[in-house]
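Scroll down for the structure; my scribbles are underneath it.
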Amino acid sequence: MADATTESKKVLRSAPCTPEDLTNLSLELGPRRATAATREADMEQQLNRPTWSRQIEFTLAGIGCAVGLGNVWRFPYLCYRSGGGAFLVPYLLMLLVLGVPLLYMELTVGQYTRRGPVHALATVCPLLKGVGIASVAISFIMCIYYNVVITWALYYLFSSFQVPLPWQNCNNTWNTPNCTNHATNSSLSSTASQEFFKYKMLEQTSGVDEAGVVRWELLLILLLAWVLIYFCIFKGVKSTGKVVYFTALFPYVILIALLINNAQLPGALDGISFFIVPKWDKLLSVEVWVNAAAQIFNSIGIGFGSLMAMSSYNSFNNNVLKDTLTISIINSVTSILAGFVIFSAFGYMSHLQGIPISDLAVDGPGLVFIVYPQAFANMPVSQLWAVMFFFMLLCLGLDSEFAMVEVMVTSLMDEFYHHLITFFKRKELFVLAICGAAGLLGIPCVMQVGIYVFQLMDHYTAIVSILFLAFFEVIAICWNYGVNRLSDNLEEMTGKRPNIFFRLCWLIVAPVLVTVILIFSIIQFKPARYGDYVFPPWAQGVGWVIAMGSIIWIPLGAVHTLWVLPGSFMQKLKLSVTPYALNEKPKMPYYERGGGETHPGMAVISSDIQLPEKPPIQTNL
Numbered sequence: 058m059a060d061a062t063t064e065s066k067k068v069l070r071s072a073p074c075t076p077e078d079l080t081n082l083s084l085e086l087g088p089r090r091a092t093a094a095t096r097e098a099d100m101e102q103q104l105n106r107p108t109w110s111r112q113i114e115f116t117l118a119g120i121g122c123a124v125g126l127g128n129v130w131r132f133p134y135l136c137y138r139s140g141g142g143a144f145l146v147p148y149l150l151m152l153l154v155l156g157v158p159l160l161y162m163e164l165t166v167g168q169y170t171r172r173g174p175v176h177a178l179a180t181v182c183p184l185l186k187g188v189g190i191a192s193v194a195i196s197f198i199m200c201i202y203y204n205v206v207i208t209w210a211l212y213y214l215f216s217s218f219q220v221p222l223p224w225q226n227c228n229n230t231w232n233t234p235n236c237t238n239h240a241t242n243s244s245l246s247s248t249a250s251q252e253f254f255k256y257k258m259l260e261q262t263s264g265v266d267e268a269g270v271v272r273w274e275l276l277l278i279l280l281l282a283w284v285l286i287y288f289c290i291f292k293g294v295k296s297t298g299k300v301v302y303f304t305a306l307f308p309y310v311i312l313i314a315l316l317i318n319n320a321q322l323p324g325a326l327d328g329i330s331f332f333i334v335p336k337w338d339k340l341l342s343v344e345v346w347v348n349a350a351a352q353i354f355n356s357i358g359i360g361f362g363s364l365m366a367m368s369s370y371n372s373f374n375n376n377v378l379k380d381t382l383t384i385s386i387i388n389s390v391t392s393i394l395a396g397f398v399i400f401s402a403f404g405y406m407s408h409l410q411g412i413p414i415s416d417l418a419v420d421g422p423g424l425v426f427i428v429y430p431q432a433f434a435n436m437p438v439s440q441l442w443a444v445m446f447f448f449m450l451l452c453l454g455l456d457s458e459f460a461m462v463e464v465m466v467t468s469l470m471d472e473f474y475h476h477l478i479t480f481f482k483r484k485e486l487f488v489l490a491i492c493g494a495a496g497l498l499g500i501p502c503v504m505q506v507g508i509y510v511f512q513l514m515d516h517y518t519a520i521v522s523i524l525f526l527a528f529f530e531v532i533a534i535c536w537n538y539g540v541n542r543l544s545d546n547l548e549e550m551t552g553k554r555p556n557i558f559f560r561l562c563w564l565i566v567a568p569v570l571v572t573v574i575l576i577f578s579i580i581q582f583k584p585a586r587y588g589d590y591v592f593p594p595w596a597q598g599v600g601w602v603i604a605m606g607s608i609i610w611i612p613l614g615a616v617h618t619l620w621v622l623p624g625s626f627m628q629k630l631k632l633s634v635t636p637y638a639l640n641e642k643p644k645m646p647y648y649e650r651g652g653g654e655t656h657p658g659m660a661v662i663s664s665d666i667q668l669p670e671k672p673p674i675q676t677n678l
């Protein structure tokens, strides 16, 4: 083949090749791993791509991306609802057979291709290249409303400097006659912390039909949040790598301090016992196992593209397995540590108010913005613990948020670098435009109707869309690209192939589990609601439009791939599931770019390559 590539600068124009020839040659040259020439050309193309200053910066950024607000509110709530310690059994099992292998898979693809999710998925499976675009879309949608949670955390942080805490009693102008300083089982009364969240911070309307006005305090804090995000990422990995030293590590200092404090409070041991002592009958429920898998899945961030985008800035020979184990294990340890902190506070509140622990927990934002602040109000030095807790939420939210924004920036820069630099002149201005656009789209979330908009976006994005994305991503990489190719890529980067455990998980366990989770999620799907409020049909329709904003790219990407590939429908279909089929010359040095104005990305065969009469087909599916 060396002789065939020595003068491959000329394009075959006088000796035409048929679509069948191109199909067969693409199948033959879509190798199990890139040749040395391909890798050399690819690395030359990537010389200007930035890398992490130190590899520990990627590890910390990965931890910060995976460890987020969901570890503090979602995990403890699922434990409470699923029988305490009984939930830990399926949770740890799913971590082993689902979380670690799929994270290993994503980091490998990102590091090997040195591309964001769009180009990476187009490389491994052209037919499903829309999955990469969908992951960018879902990350952008999520970063719009996720920053609203950071806004709430900042609002509570600023309010925590008041003496007494504004949610400590009912002697405030926003309180109603039904306000009480102690939690009760009555639906007619509400606690001081509930009323602060609902009537002071949100000034919540009665439903999504009543928009209300903009909450100017929240709008200004939202602007502040986006300014923080911008200065974390405006220099790319060079600035992000420095920020994560603090945002990824400092929350653990606060969590440990909170645990030491809470463990000394009366009733704390009862709360911890509720957390770790299992109710074994709960293990018979399929929902518990599905919830455990979904929590691992959403917590690590499989399908969001964030970690794949960040791993594309790694050095080519980085030890992927070490980062995989570090990120996934620390993510789960953080969830369990947060469980001890939350449930020890629940035990203290149960002791003070004389009601069962099971009546205290609230799903979603209520756990950290209603229940836990209520516990602070009764602690010694309450202002100190409140400031520490909400500053921890800020750190947890920031590094997850800038990871989602980085997906959008990386993918667009990969695809339209020259156009964007020509228009914006500097990458920093392009990042500013992305942050500005997301900030403007987030304004409805800081209106009086904002909590309903937030709940609607969260339900149809984090629950509905992400499961479809992850399903198709696993199919594209594990089955289409193939375990053999993935193993070859790892061997080329690290010198070692993955062991039999990972290969079995990629080939059988992970695809089956993701499929089961998707099916059960569809069967058990419930329309969006906020507390007892059920969204009207038109609002549910808007929710599905939000969900389709990311899902629709999967079929659109497939149609576009089939449209641009040459040959009959069956030949197009065969090429569409062939890795590297859409790649241009930098990836496939045997081709010259051609196709004219209509198909500028298509490859034309070099004049020096002799077409075999019946080339062997190596699909390696």
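The C-terminal residue of the sequence shown carries number 678 in our numbering, and the numbering is unbroken.
A virtual CB, placed ideally from N, CA and C, is assigned to each residue, including glycine.
Give me the Cα-Cα distance between Y647 and G167, rounded to the nearest whole angstrom. In the sequence shown, residue 647 corresponds to position 590, counting from 1. In the sequence shown, residue 167 corresponds to position 110, counting from 1. Residue placement at Y647 is flagged as unreliable, the pLDDT there being 32, under the threshold of 50; a coordinate-derived value is accordingly withheld.
From the DSSP output, which residues share a beta bridge with C236? Stepping through the sequence shown from its first residue, residue 236 is reached at position 179. DSSP lists S247 as the bridge partner or partners of C236.
For the alpha helix (DSSP H) containing H408, list its first residue and its last residue. The residue labelled residue 408 in the question sits at position 351 within the sequence shown. Going by DSSP, H408 is part of the alpha helix (DSSP H) stretching over V377 to Q410.
Compare the C-alpha of I283 against each of K292, S439, E344 and N204 and name the closest. Start at 1 with the first residue of the sequence shown, and residue 283 comes out as number 226. Checking the sequence shown, residue 283 turns out to be Trp, not Ile. The residue with the shortest Cα to Cα distance from W283 is N204.
8 Å contact criterion, which R560 and V540 should meet: CB distance rounded: In the sequence shown, counting from the first residue as 1, residue 560 sits at position 503. In the sequence shown, counting from the first residue as 1, residue 540 sits at position 483. That pair is a contact at about 5 Å.
For the candidate residues G507, P568, F373 and D380, whose alpha-carbon lies nearest to that of N537? In the sequence shown, counting from the first residue as 1, residue 537 sits at position 480. Looking at the Cα atoms, P568 is the closest of the given residues.
Buried or exposed by the 16-neighbour rule on C-beta atoms within 10 Å, applied to H516: The count along the sequence shown starts at 1 and reaches residue 516 at position 459. That one is buried.
Can you tell which of S196, F331 and A191 has its C-alpha closest to the C-alpha of F529? For the purposes of this step, residue 529 is taken as the residue at position 472 of the sequence shown. Checking every option, the nearest Cα to that of F529 belongs to A191.
Roughly how many whole angstroms lie between the Cα atoms of C562 and P437? Here residue 562 is taken as the residue at index 505 of the sequence shown, counted from 1. Here residue 437 is taken as the residue at index 380 of the sequence shown, counted from 1. As the crow flies, the alpha-carbon of C562 is around 49 Å from that of P437.
For V521 and A490, the rounded distance between their alpha carbons: Taking the sequence shown and counting its residues from 1, the one referred to as residue 490 is at position 433. Taking the sequence shown and counting its residues from 1, the one referred to as residue 521 is at position 464. Cα to Cα, A490 sits roughly 28 Å from V521.
Simplified DSSP state of R131, which is helix, strand or coil: What you label residue 131 is simply residue 74 of the sequence shown in a count that begins at 1. Annotated three-state conformation of R131 is helix, per DSSP.
Check whether the Cβ atoms of Y370 and F197 lie closer than 9 Å to each other. For the purposes of this step, residue 370 is identified with residue 313 of the sequence shown, where counting begins at 1. For the purposes of this step, residue 197 is identified with residue 140 of the sequence shown, where counting begins at 1. At least 9 Å separates the beta-carbon of Y370 from that of F197.
I576 at chain B interface by Cβ criterion, 9 Å: Any reference to chain B falls outside this structure, which holds one protein chain only.
Roughly how many angstroms separate the alpha carbons of F448 and L312, rounded to a whole number? Here the question's residue 448 lines up with position 391 in the sequence shown. Here the question's residue 312 lines up with position 255 in the sequence shown. Straight-line Cα distance between these residues: approximately 11 Å.
Buried versus exposed call for M627 [16 or more other C-beta atoms within 10 Å across all chains shown]: Within the sequence shown, the letter at position 570 stands for residue 627. Counting C-beta atoms within 10 angstroms of its own C-beta, M627 has fewer than 16 neighbours from the protein chains shown and is therefore classed as exposed.
CB-CB under 8 Å to A49, same chain, minus the five flanking residues each way: which ones, in chain order? Outside the displayed span of the chain (58 to 678) sits residue 49, for which this structure offers no information.
Only counting the same chain, and skipping five residues up and downstream in sequence, which positions put a Cβ closer than 6 Å to that of W257? In the sequence shown, residue 257 corresponds to position 200, counting from 1. Reading off the sequence shown, one finds Lys at residue 257, where the question assumed Trp. Contacts found: W231.
S457 versus A349 - alpha carbon distance: As a first step, residue 457 must be located in the sequence shown, where it is residue number 400. As a first step, residue 349 must be located in the sequence shown, where it is residue number 292. Distance between the alpha carbons of S457 and A349 is about 21 Å.
In angstroms with no decimal places, state the Cα-to-Cα distance between L152 and I353. Looking up residue 152 in the sequence shown gives position 95. Looking up residue 353 in the sequence shown gives position 296. Our two residues, L152 and I353, have alpha carbons roughly 6 Å apart in a direct line.
Counting pairs of beta carbons, one from the region 456-471 and one from the region 250-268, are three or more of them closer than 8 Å? A contact is defined here as three or more CB-CB pairs under 8 Å, and the region 456-471 fails this definition with respect to the region 250-268.
Own chain residues within Cβ distance below 7 Å of S263, not counting five before or after: Your numbering for residue 263 matches position 206 in the sequence shown. Apart from sequence neighbours up to five positions away, no residue of its chain approaches S263 with a beta-carbon distance below 7 Å.
At the level of alpha carbons, what is the spacing between H408 and G396? Reading the sequence shown from its first residue, position 351 is the one you call residue 408. Reading the sequence shown from its first residue, position 339 is the one you call residue 396. Between the C-alpha atoms of H408 and G396 there is a straight-line separation of about 18 Å.
Hey, could you find the ends of the alpha helix (DSSP H) W209 is sitting in? As a first step, residue 209 is located in the sequence shown; it is residue number 152 there, counting from the start. That run of the alpha helix (DSSP H) goes G187 to S216.
Just mark H176 as buried or exposed, buried being the case when its beta carbon has 16 or more other beta carbons within 10 Å. Position 119 of the sequence shown, counting from 1, holds the residue named residue 176. With 16 or more other Cβ atoms within 10 Å, it is buried.
In angstroms, rounded to a whole number, what distance separates the CA positions of S544 and N374? Locating residue 544 in the sequence shown gives position 487, counting from the first residue. Locating residue 374 in the sequence shown gives position 317, counting from the first residue. Cα-Cα distance, rounded: 14 Å.
Alpha helix (DSSP H) runs contained entirely in the region 537-576, provided each spans 4 or more residues: The qualifying runs are 540-551 and 557-561.
Which value, in whole angstroms, describes the spacing of the CA atoms of I286 and C492? Position 229 of the sequence shown, counting from 1, holds the residue named residue 286. Position 435 of the sequence shown, counting from 1, holds the residue named residue 492. If you draw a straight line from the Cα of I286 to the Cα of C492, it comes to about 8 Å.
Comparing C-alpha positions only, which one of V531, F592, R554 and K583 sits nearest to I565? Here residue 565 refers to the residue found at position 508 when the sequence shown is read from its first residue. Cα-wise, what sits closest to I565 is V531.
Buried or exposed: W224, going by 16 or more other Cβ atoms within 10 Å of its Cβ? Counting from 1 along the sequence shown, the entry for residue 224 is found at position 167. That one is buried.
Cβ pair count under 8 Å reaching 3, the region 506-516 against the region 328-339: Here the region 506-516 does not lie against the region 328-339, with fewer than 3 beta-carbon pairs under 8 Å apart.
Quick one: is P174 buried, meaning 16 or more other Cβ sit within 10 Å of its Cβ, or exposed? If you number the sequence shown from 1, residue 174 lands on position 117. With 16 or more other Cβ atoms within 10 Å, it is buried.
Enclosing alpha helix (DSSP H) for I534 [first to last residue]: The sequence position of residue 534 within the sequence shown is 477, counting from 1. Note, I534: premise wrong, no alpha helix (DSSP H); not H, not E.
With distances taken from CA atoms, which of S110, S385 and R172 is nearest I120? The residue you call residue 120 lines up with position 63 of the sequence shown. Check the Cα spacing between I120 and each of S110, S385 and R172: the tightest is with S385.
Is the number of C-beta pairs between the region 451-465 and the region 210-222 that are closer than 8 Å three or more? The answer is yes - the region 210-222 touches the region 451-465, with three or more Cβ pairs under 8 Å.
Run through DSSP, which three-state label would Y637 get? Locating residue 637 in the sequence shown gives position 580, counting from the first residue. In the three-state reduction of the DSSP assignment, Y637 falls in the coil class.
Cβ-Cβ separation, V345 to P147 (assumed contact under 8 Å), whole Å: To locate residue 147, count along the sequence shown from 1; it is residue 90. To locate residue 345, count along the sequence shown from 1; it is residue 288. Taking C-beta atoms under 8 Å as the contact rule, P147 and V345 qualify, at a distance of about 6 Å.
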